[in-house]
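Structure below.
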């Protein structure tokens, strides 16, 4: 059984993946009850689930579905702590979309 692809994206790719499951690595910049904002080359609002335990200023990898308002409904969130090189993360995101045939199926 094949699993669903979760392309690695950042804020600039949100519109291209509406209603799809994606993977985002960003820095937690605010927490507000059941929502948070992460910076992943731009701000993204994420809607947390009960298993999401985030810490302000830590890196978090989110797997979730892009909503119509370009927020993310979180399925899974993993705290990566501090010390993440976000320039390297952006390079990986760029490579993912430059060579998308390796990472995910595209409709273009």
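Residue numbers (UniProt numbering): 1 to 108. Think of the CB as a built atom: it goes at the ideal place given N, C-alpha and C, for glycine as much as any other residue.
As for any beta strand (DSSP E) of minimum length 3 sitting wholly inside the stretch 12-59, the runs are 21-32, 35-39 and 43-47, ordered along the chain. Here residue 96 carries a helix assignment [DSSP, helix/strand/coil].
Counted as a single uninterrupted DSSP element, the stretch harbouring residue 5 is not any beta strand (DSSP E), since DSSP gives it neither H nor E. Beyond the five residues adjoining it in sequence on each side, residue 78 comes within less than 6 Å, by CB distance, of 61 in the same chain, given in chain order. Remark: three or more beta-carbon pairs, one from each stretch, lie closer than 8 Å, so the stretch 80-97 and the stretch 4-20 are flagged as touching. Here residue 61 carries a strand assignment [DSSP, helix/strand/coil].
One thing to note: residue 44 has its Cβ no nearer than 8 Å to the Cβ of residue 35. Straight through space, the alpha carbons of residue 28 and residue 70 are spaced by roughly 17 Å. Beta-bridge partners assigned by DSSP to residue 76: 63. Residue 82 places its beta carbon less than 8 Å from that of residue 57.
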